[in-house]
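Data block below; observations after.
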Amino acid sequence: MKRYSLKQFFQDFYLVLILIFLYAPIMTMMVLSFNNTKSRTLWGGFTLKWYAEMFQNQAIMNALNNTLLIAFVSALVATIIGTIASIGINSLNRLPRAIVMGVNNIPMLNSDIVTGISLMLAFIAFGISLGFKTVLISHITFNIPYVILSVMPKLKQTNRYTYEAAMDLGAGPLQAFFKVVFPDIVPGVLSGFLMAFTMSLDDFIVTHFTRGAGIDTLSTLIYSEVRRGIKPSMYALSTLIFLTVLVLLLITNFAPDKPASDGNSQKSETAGRIKKAVLAIASIAIILVVGISTYSRYSVTHSNELYVYNWGEYIDESVIEEFEEETGIKVIYDLFETNEEMYPVIEAGAVNYDVVCPSDYMIQKMAENGLLAEINFDNIPNIDQIDPLYMEMSKSFDPENRYSVPYTWGTVGILYNTKMMEEKGLPIPTKWEDLWNPVYEGEILMQDSVRDAFMVALKSLGYSMNSENETELQEAKQKLIDQKPLVQAYVIDQVRDKMIGGEAAIGVIYSGEMLYIQEEVAAQNLDYSLEYVIPEEGTNLWIDSWVIPANAKNKENAEKWIDFLCRPDIALKNFEYITYSTPNKGAFELLDEELQNNEAIFPDPDDLTGSEVYHYLGDDVDGIYNSLWKEVKSQ
Amino acid sequence: MGMKSAKRLLAGPYIIWMIGFTVIPLLLIVFYGLTDRSGAFTLANVLSIGTPEHSKALFLSLGLSLISTLICLLLSFPLAMTLRKRGIGQGSFMVFIFILPMWMNFLLRTLAWQTLLEKNGVINGILNVLHLPGIAIINTPAAIILGMVYNFLPFMVLPIYNVMAKIDDNTINAAKDLGANEFQTLIHIWIPLSLPGIISGINMVFVPALTTFVISNLLGGSKILLIGNVIEQEFTKGSNWHLGSGLSLVLMIFILLSMALIAKYDKDGEGTAF
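Chains as they are written, first to last, in numbering that gives the first Met the number 0: chain A, 0 to 634; chain B, 0 to 273.
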């Protein structure tokens, strides 16, 4: 007996270890949902504010709604199609059955990115515009295989003679199926549904490629937040979902459904009924709430619309509401994460956006490829508020100021942790070349984008960051390879949170993040400060501007939108939210003196000598940059 | 027979669906993979797997996903055995315990690992309090393997457990009665009888691990380029869909190999996860 229990102990110990492994990240999220600071690593006291914020956040609530609706409907449809198909496939001959099952496996085994992109290509080829329905079709497509795979084995176990016997006894085929076959395969059907629901809930990549304007699920919303730091209200939502599912699970599993040892079958039958009722009520409640809110959202049709395509976190949301109230135009607002991701969407025309906010070089590319409409500046009287300096700067990518209106601008520079510099006796960085100083080994966060990484290398070599010269580019590539052992990680917007968290001593960052960083450092009472320098060699001066795509359907509304954003009070609101430098002189004049003098955000023009704006270099040169960058990354 | 052919028709709607949304989209990828920007036929996209960057990324992906698959298998087999022997897995509870984490978003879970593993992360915080040396695996291949094992472990545990649950107790008792020791029972009973589940689990872990790009981005600090990252970058950043499609075609070879493996060892589709 003794030996047995020792073995049992080890078995239990192993189980507990695995459970800790599985649930450690989830516990982390739950703890973070009660954390008073936005920091992922620092505990700032207990709070419930993220829960309150979550319920007030319309974007999160809509995404939750979409996620549940898509998961439920796609799982249901997939279960019906899949169950019916399983019966059909089961009675196919050997070869056709093998072929069908082979093709059935494809969506499961194919990488999600290929599934997502291939579906997007197909929708465009079929002329189906991307939207809610395309996401639904895609989810059904990757869900059916899971249903078939869980129904088929059950179907094989059923005795086909019982079905024939039922028919002989006078049952019709349908009746025979529901009375005899179906009860046997119910467990398979249910687990197929559950699996489909789970897969749909967890999918990100396929949704990302097949969704259209204004459709966000929790996954796509989270993805757009990953870059700039997850909002704790997302952890709050996850915690709630987790607890809800856990409670339902405990109710259904620990209400005894088999006769208890005293054999009181009456009691267990009641328990079984209660259990079923709880499940049924819970699912009906979810369906009703989701269904009604979705219906009410989509049943209102608007004739006067505006499709806006913007960066994540790049507008104060109250500005959108204010615009809708003042003009009566309904805004459908959508997000992209990179210029490169936005471009094919506009080019393919799967969604007709009316107004988009790309960066300098991308505007040049879009204009050169005929994707942009000329703006009618008569409709934008507030253009006077934009400092002529930035209109002049825009000429480097929009030579006649015909296509774009500047929205934000900034520089790229070096951020460093003052305390770590002092403690480790490291020199304060002043130029790009310092990023090659071996004393910073493992302490550098580099930008994970081709142009920004090459900009750093090219500038440190004294070349133009728009270089098309192959030898210069090769030199820059070698320089980046030399730097790689010193780099801790290549990141994009995460550099902000990592630097605040003290993960690294030095990072390449966009100037617009500085206000947020300074506020967070103060809010979290950190014992260090983070300072920003514009490197001596000169840097990238970037401008993000509003443009109107050539295929826009509501061009005048788009011009009203641009005009509205140029109004000083609105520009001020957006500046306070985004914290990226504004080109709006009206808004600048409304700022505190302290902000006006903040050199990270509004640098002295003398510090910008040698700085350049990115140009579009053509597809071929872009291709060279990309393949050189791949060489760096694969070292 | 008439009834049987009527039943066959039931497969019809799905076959049409499959042609529309699985086969045609796949053919589009093949088309893109075998043409260049001007639309002319070329093998260059597929052959570019031979360039040093691409083949290095492919071999690295193969290596990391093989290691992850092996770790998943080594963790899952004793786990499934324990669950079955102890009878804990009865009902749907066990299945739920393993898929419950999947109801929390995949990106959030992976990011949570970042929080746990970082230099100033939770684990190092705990180790620090205990005066133990910290760990430094974030932004290394080890962190990527951990992320893969974490995300795909349920896909290995569940099929193995489901197959094991069907093993008759009498078979095991018979082996013992005939004098087999624990090890012999393992080799001659447990492993052969769980083979369909093992094969299915290997597939369900290996293929997604081979093609992932999110895990290597979040836990590898983007310093480690996997083939999934290359493809993702061609589609989203490089805007070269032809090259991306061509490389995807190369990956499909591995998927075809997996399908052949399943067809060989899991004829009856027993090794399903659920």
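For each residue, glycine too, the CB sits at the ideal point set by N, CA and C. Predicted, not measured: the structure shown is a model, and the values here were computed from it.
Asked, Found
"Could you tell me how far apart the beta carbons of A:Glu304 and A:Asn553 are, in whole angstroms, since I believe they sit closer than 8 Å?", "6 Å"
"Nearest to B:Thr81 by CA position, among B:Phe30, B:Leu185 and B:Gly32, is which residue?", "B:Leu185"
"Can you tell me whether DSSP reads A:Asp481 as helix, strand or coil?", "helix"
"Does the CB of B:Leu185 have a neighbour CB from chain A at under 8 Å?", "no"
"Please classify A:Tyr306 as buried or exposed, where buried requires at least 16 neighbouring CB atoms within 10 angstroms.", "buried"
"Using beta-carbon positions only, say whether A:Leu371 and A:Ala557 come within less than 8 Å of one another.", "no"
"Helix or strand or just coil, what does DSSP make of A:Ser149?", "helix"
"List the endpoints of the continuous alpha helix (DSSP H) containing A:Thr407.", "A:Thr407 -> not in any alpha helix (DSSP H); beta strand (DSSP E) instead, spanning Val404 to Asn416."
"Please go through the same chain and pick out, in chain order, the residues whose beta-carbon is closer than 6 Å to the beta-carbon of A:Lys1, but skip the five residues on each side of it.", "For A:Lys1, the pLDDT reaches just 46, beneath the cut-off of 50, and the residue's location in the model is therefore unreliable, leaving the point undetermined."
"By the 10 Å Cβ neighbour count, where 16 or more other Cβ atoms means buried, how is B:Val128 classified, buried or exposed?", "exposed"
"One question on the structure: do B:Val249 and B:Ile28 come within less than 8 Å of each other, judged by their Cβ atoms?", "no"
"Here's the rule I'm using: 16 or more other beta-carbon atoms within 10 Å means buried, otherwise exposed. How should A:Gln384 be labelled?", "buried"
"By the criterion of Cβ-Cβ separation under 9 Å, what are the contact partners of A:Met365 in chain B?", "Neighbours of A:Met365 on chain B: none; closest Cβ ~12 Å, over 9 Å."
"Is it buried or exposed, A:Gly262, if we count other Cβ atoms within 10 angstroms and call 16 or more buried?", "The predicted position of A:Gly262 is uncertain, since its pLDDT is 45 and thus under 50; a value taken from the coordinates is nonetheless stated next. A:Gly262 should be labelled exposed."
"Nearest-angstrom Cα distance between B:Met147 and B:Phe182?", "30 Å"
"Using alpha carbons as the reference points, say which of B:Leu115, B:Trp16, B:Gly32 and B:Leu26 lies closest to B:Tyr247.", "Position check: residue 247 of chain B holds Ser in this sequence, whereas Tyr was assumed. With distances taken between Cα atoms, B:Ser247 lies closest to B:Gly32."
"Tell me whether the segment 179-198 of chain A and the segment 143-150 of chain A touch, counting them as touching only if at least three CB pairs, one residue from each stretch, are closer than 8 Å.", "yes"
"In terms of residue numbering, what span does the beta strand (DSSP E) encompassing A:Glu530 cover?", "Leu529 to Val532"
"Here's the rule: buried if 16 or more other CB atoms are within 10 angstroms of the residue's CB, otherwise exposed. What is A:Val680?", "Chain A is shown from 0 up to 634; residue 680 of chain A falls before or after that span and cannot be answered."
"Using beta-carbon positions only, say whether B:Asn44 and B:Gly245 come within less than 8 Å of one another.", "yes"
"Anyone know if the C-beta pair for A:Trp628 and A:Asp359 falls short of 8 Å?", "no"
"Is DSSP giving B:Glu117 helix, strand or coil here?", "coil"
"Which chain B residues are close to A:Asp201, counting only those with a beta carbon under 8 Å from its beta carbon?", "Met101, Trp102, Asn104 and Phe105"
"What does the Cβ neighbour count give for B:Gly220, buried or exposed, with the cut at 16 atoms within 10 Å?", "buried"
"Of all the options B:Thr109, B:His187 and B:Ile159, which has the alpha carbon lying nearest to the alpha carbon of B:Val213?", "B:Thr109"
"Determine whether the Cβ of B:Met17 lies closer than 8 Å to any Cβ atom of chain A.", "yes"
"Can you give the beta carbon distance from B:Leu152 to B:Ser64, rounded, assuming they're within the 8 Å contact cut?", "That pair is no contact at about 14 Å."
"With 8 Å as the threshold, decide whether the Cβ of B:Arg7 is near any Cβ in chain A.", "yes"
"Under 9 Å between beta-carbons, which chain A residues line up against B:Thr210? List them in chain order, please.", "Asn109, Ser110, Asp111, Ile112 and Val113"
"Can you pull the chain B residues whose beta carbon is under 8 Å from the beta carbon of A:Leu217, in chain order?", "Asn104"
"If you compare alpha carbons, which of A:Glu588, A:Pro357 and A:Pro567 is closest to A:Pro615?", "The question names Pro, but residue 615 of chain A is Tyr in the sequence shown. Among A:Glu588, A:Pro357 and A:Pro567, the Cα nearest to that of A:Tyr615 belongs to A:Pro357."
"Is any beta-carbon of chain B found at less than 8 Å from that of A:Ala259?", "Confidence in A:Ala259 is poor, its pLDDT being 41 and thus under 50, which makes the residue's placement too unreliable to answer from."
"Over what stretch of residues does the alpha helix (DSSP H) that includes B:Ser75 continue unbroken?", "Pro51 to Arg85"
"Does the segment 92-100 of chain A come close enough to the segment 164-175 of chain A that 3 or more CB-CB pairs lie under 8 Å?", "no"
"Confirm, please, whether the CB-CB distance from A:Gly211 to A:Gly81 is below 8 Å.", "no"
"With distance defined between alpha-carbon atoms, name the residue in A:Gly187, A:Thr66, A:Glu339 and A:Lys48 nearest to A:Asp621.", "A:Glu339"
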